[in-house]
């Protein structure tokens, strides 16, 4: 029974989506049923969270054969690491529905449900082909969301983002096949389970580097790590709020997750060898995107750069090879998802209400929308990493981690706080607080539904900021296991 | 009597074509009647071929009468089933198209049946001259069908180009056969195989040249580089449904014979052509991709992209020399491609059957609003062609690339992946156009009836395409043949080739 819960969580949204697609035309009914579905998923995930024993191993595992001629299995499971992200997804998605409540059509809600299936599936998949399956499937609804509900040159944007991300994933696909073939040659049977692929010993150094880069291409484009970021600017600008929210707060995190889940175990030695490079790339991206964010006038673009900047910090943390860095990166995944997700949704409301996203044209929103301003400020401070918020804990851990990795890089990583604070506060001052001359913008305040939707996020920001241990305890054994058992032993091999 | 059952599918098709020919003299039988009648015959033939699909077997039927020129084994049966099913689907999908084009009369179905007869015969041929005759029966029927559209002035160019080039390349085949006969004193494949295994060095020189010439014919018929230049114009000039037929069913028939030759009879010297094929695969992929991205007309884009798919098939075919498992991959990819190609071409022909306005990408704007189900099915086929997971095209690509890497052609697999990445661009462009724009006023066709045989046939293929990609392992409760079953069938068929 316990095993079926995961499948149920994965496929419930998709099944409901297909049901809604062919039955009702009533948008409100679709919206309500979709919302209800996500809350059911949330309830199930909460149940899992309580049942979960903090330990390193996989729990709630289902492993049945899918394509037996190639040893591809329907293999899903959960450890502390995926549980934390699953929890985040399960909370963020239903609450985001409350903020997207107004004026969407049927297809919007159905696509959101389909994305949820893809995201959850790729999070829980432990067979690389199954992972690839969900990883690609999750793109299609986003493609439709941007194309149908986007703004500006949306068709070009969708084609660009699709070709870009698929290029990465198809390279990963070759790498997956190569690993499978190598495994078959060495052990005489097919398997694509990541635990089996770890056992491969016959790969040469050069092969490993190519495979490592192919995997990295897929994940780095999704995150995005500098210099593979060029798709995000148009996408975040032209995509509808829902799609931006999904891309920035959820899918980008899956890229980080996949690096830890698949790349550390399969290529531990390459991972260690090149970690300095990636930390440097991460920090460069952090500063580059930070400075770019400072110069933006479009508020959504500014958040896009700020998001990329924080994601660079996450990827630097992931490659820092110690528990501080990786724990911090995982923690920042959650913190960043909450803060950025909320900020994108709030900007979506600003755009809907005032019709502009330009910082220069906005201003004085605080006067007509005080509650909005307070929540906006909370998320802003969480994003900057003000003490007491979850952003502070995570950034601190990452900076510690990078400092332990290399002192100089540690100092540089501390810059994030300054850069982040400067663009965020400057924007906040100009767009929200400062009164504009001439006619004032009529910004409505948040509705009770939207406040309810954001409340759990605000609570999480503070609980995670004040008592980080209750969350870190769940995934720390997994991280320790990864570093001590997989990384160190893998490198020695 | 026992052996007659193996002949039944091909006899049914032959009888059907003759009966249809006789009936086509009478005006009182409508096109609808012919569609129904030929479908019935095809279903009967399909029934016979499925009935003989038991365990592996390899039989030369009535060898004293036929002098061993025909061989019936699980391999040929596999292709017979595919060919008959493909033809049946073509007729069902084309129903709407046939009824709305007045030039499709009874004779058309006779020719179609003759084409099918030739193709099945080709799959069963165990002798070079028989294969040539079969190939020409099929080809000539196709030539006629290409020129069937009397309203379209492009047809003259199409039929002329195809006929002249096709006959020209047929001469290469004959020349190859003559050279092989000169060396081996036989045209029977089994005997040629024996000759090859007992001789070496200079004795084989003529055989090498002869097979190379025959290979040219093969490459021409499947439109591989450098013989792909006819394809765009011919596909463009042919009636849409014929294009669908050529792109999917005819290509499979060609593969049926040449796979037999390469796998069964000349497998010991197949390495000789590796370097040629290596270059052919690269150039086919590159050229097909380049052609596909430059097209503005959807039909031409699909046609050009079929060259890219030929490239994938040849990649698996090339891998066969190093790794016999790759033969299964080729067969599986043929199934996958049959479904996605016949689905996509058929759907386009279904859409343009009443009006001829849906031609370019622009004309497809807003299709999702006018015909949401058709647009959704088109999306499924395009995703399958692009090899996106959850469609059968993904499993097909998975299979082909795995075997190619296993055979040591990693660089080609990477090139094929790059071609796939680019294909995402031109396939998704069509999806984008269908979903993200309002409809063009000029393309709105009122009173389009969606409740037709064609629609259901297309829907059926779309469902197969998705089920073939997900398989029965995830959808536990649906008792359909899963991916594994299909792979096993492909394996069984190939193994029957090794029975001697």
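Protein chains in written order, with the working numbering: chain C, 1 to 493; chain P, 1001 to 1500.
All C-beta atoms, glycine included, are put in the ideal place defined by N, C-alpha and C.
Owing to the predicted nature of the structure, the values given are computational and were not obtained by experimental measurement.
Quick one: complete alpha helix (DSSP H) runs, 4+ long, within the segment 342–379 of chain C? 365–368
Compute the Euclidean distance between the alpha carbons of residue 169 of chain C and residue 1401 of chain P, then round it to the nearest angstrom. Rounded to the nearest angstrom, the two C-alpha atoms are 15 angstroms apart.
If contact is defined by three or more beta carbon pairs under 8 angstroms, each pair taking one atom from either stretch, is the segment 1138–1152 of chain P in contact with the segment 1232–1247 of chain P? Touching, yes.
Need the endpoints of the beta strand (DSSP E) that residue 78 of chain C sits in, please. Counting along the chain, the beta strand (DSSP E) containing residue 78 of chain C begins and ends at 72–78.
For residue 34 of chain C and residue 13 of chain C, the rounded distance between their alpha carbons: Approximately 8 angstroms between the Cα atoms of the pair.
Are the segment 1322–1338 of chain P and the segment 1431–1441 of chain P touching by the rule of at least three beta carbon pairs closer than 8 angstroms? no
Spatial neighbours of residue 300 of chain C in its chain, beta-carbon cut-off 8 angstroms, leaving aside the 5 residues before and after: 236, 237, 244, 344, 347, 351 and 357
Take every Cβ of the segment 334–343 of chain C, pair it with every Cβ of the segment 445–460 of chain C, and state whether three or more of those distances are shorter than 8 angstroms. yes
Looking at C-alpha atoms only, which residue of C:321, C:303 and C:355 is the closest neighbour of residue 340 of chain C? The shortest C-alpha separation from residue 340 of chain C is found at C:303.
Which word fits residue 498 of chain C, buried or exposed, when buried means at least 16 other C-beta atoms lie within 10 angstroms of its C-beta? For chain C, the structure presents residues 1 to 493; residue 498 of chain C sits outside this window and is missing.
Whole-angstrom C-beta distance between residue 1138 of chain P and residue 1125 of chain P, which should lie under 8 angstroms: 11 angstroms between Cβ atoms; not a contact.
Tell me the rounded alpha-carbon separation between residue 220 of chain C and residue 324 of chain C. 22 angstroms
Runs of alpha helix (DSSP H) lying entirely within the segment 379–414 of chain C, each at least 4 residues, in chain order: 390–405
State buried or exposed for residue 1046 of chain P, treating a residue as buried only when at least 16 other CB atoms are found within 10 Å of its CB. buried
Leaving out the 5 sequence neighbours to the left and right, which residues in its chain are closer than 6 angstroms to residue 81 of chain C when beta-carbon positions are compared? Non-local C-beta neighbours of residue 81 of chain C in its own chain, meaning closer than 6 angstroms and more than five positions away in sequence, comprise 475 and 478, ordered along the chain.
For residue 1108 of chain P versus residue 133 of chain C, is the C-beta spacing smaller than 9 angstroms? no
Of all the CB atoms in chain P, is at least one closer than 9 angstroms to the CB of residue 136 of chain C? yes
Considering only their Cβ atoms, is the gap separating residue 314 of chain C from residue 223 of chain C smaller than 9 angstroms? yes
Inter-residue Cα distance where the pair is residue 28 of chain C and residue 136 of chain C: Rounded to the nearest angstrom, the two C-alpha atoms are 29 angstroms apart.
Confirm, please, whether the CB-CB distance from residue 192 of chain C to residue 176 of chain C is below 9 angstroms. yes
On the three-pair Cβ rule with 8 angstroms, is the segment 1226–1234 of chain P touching the segment 1155–1164 of chain P? For the pair of segments examined, the segment 1226–1234 of chain P was found to touch the segment 1155–1164 of chain P: the number of CB pairs separated by less than 8 angstroms reaches three.
Where residue 1015 of chain P and residue 8 of chain C are concerned, what is the direct C-alpha to C-alpha distance, given to the nearest angstrom? Computed Cα separation, rounded: 54 angstroms.
Let me check one thing: in DSSP terms, what residues is residue 62 of chain C bridge-paired to? According to DSSP, residue 62 of chain C bridges with C:76.
Please work out which residues of its chain come closer than 6 angstroms, Cβ to Cβ, to residue 66 of chain C, disregarding the five sequence neighbours upstream and downstream, and give them in chain order. 72, 73 and 74
Step through the CB atoms of chain P and report whether any lies within less than 9 angstroms of the CB of residue 315 of chain C. With 9 angstroms as the cut-off, residue 315 of chain C does not count as an interface residue toward chain P.
9 angstroms Cβ cutoff, residue 1195 of chain P in contact with chain C: no
By DSSP, does residue 1058 of chain P sit in helix, in strand, or in coil? If DSSP states are grouped into helix, strand and coil, residue 1058 of chain P belongs with the strands.
Is the beta carbon of residue 162 of chain C closer than 9 angstroms to that of residue 113 of chain C? no
Distance, Cα to Cα, residue 1227 of chain P vs residue 1205 of chain P? 24 angstroms
Look at the alpha carbon of residue 1311 of chain P and the alpha carbon of residue 1286 of chain P, and state the distance between them as a whole number of angstroms. 9 angstroms
If you run the structure through DSSP and keep just helix, strand and coil, what is residue 478 of chain C? Three-state DSSP puts residue 478 of chain C in a helix.
Pull up the DSSP beta-bridge partners for residue 193 of chain C, would you. C:127
If we ignore side chains and look at the alpha-carbon of each, how far apart do residue 282 of chain C and residue 298 of chain C end up? 24 angstroms
Going by alpha carbons, who is nearest to residue 1118 of chain P out of P:1056, P:1036 and P:1010? P:1010
Inspect the beta-carbon positions of residue 1458 of chain P and residue 1343 of chain P and report whether they are closer than 9 angstroms. yes
Does residue 180 of chain C have its Cβ less than 9 angstroms from a Cβ in chain P? yes
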